[in-house]
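This report concerns only the one structure given below.
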Amino acid sequence: MPTDPFTPDEIQQRTAAAEALGKSGDARGAAHAYDQLGKLIQQRCGRFDPSAIGAYEAMSRWVASPDYRP
730 MPTDPFTPDE
740 IQQRTAAAEA
750 LGKSGDARGA
760 AHAYDQLGKL
770 IQQRCGRFDP
780 SAIGAYEAMS
790 RWVASPDYRP
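As structure tokens, this is what we get:
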């Protein structure tokens, strides 16, 4: 496992960027950004890191029906 975990600020910045994509109408882009974020967090911080799980939960909101999106 790499020794350079994401800082909370880095995760927050990437989360905000992914969320902004979705809110701009690009649900597919938001889902992809959250998927990539989840994978990177797992690589750097571990498979079951809570931030990775949160990224995948957010991804699932953007692939869900528009009725369930923020």
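Residue numbers for the sequence shown follow our numbering, beginning at 730 and rising by one. Idealized CB from N, CA, C, for every residue including glycine.
T744 carries a helical assignment under DSSP once its states are collapsed to helix, strand and coil.
The residue among D796, T744 and D755 with its C-alpha nearest the C-alpha of L766 is T744. By the beta-carbon neighbour count (other beta carbons within 10 angstroms, threshold 16), A759 is buried. Around the C-beta of F735, 16 or more other C-beta atoms lie within 10 Å, and the residue is accordingly described as buried. Straight through space, the alpha carbons of D738 and A781 are spaced by roughly 14 Å.
G754 sits in coil when the DSSP states are folded into three classes, being neither helix nor strand.
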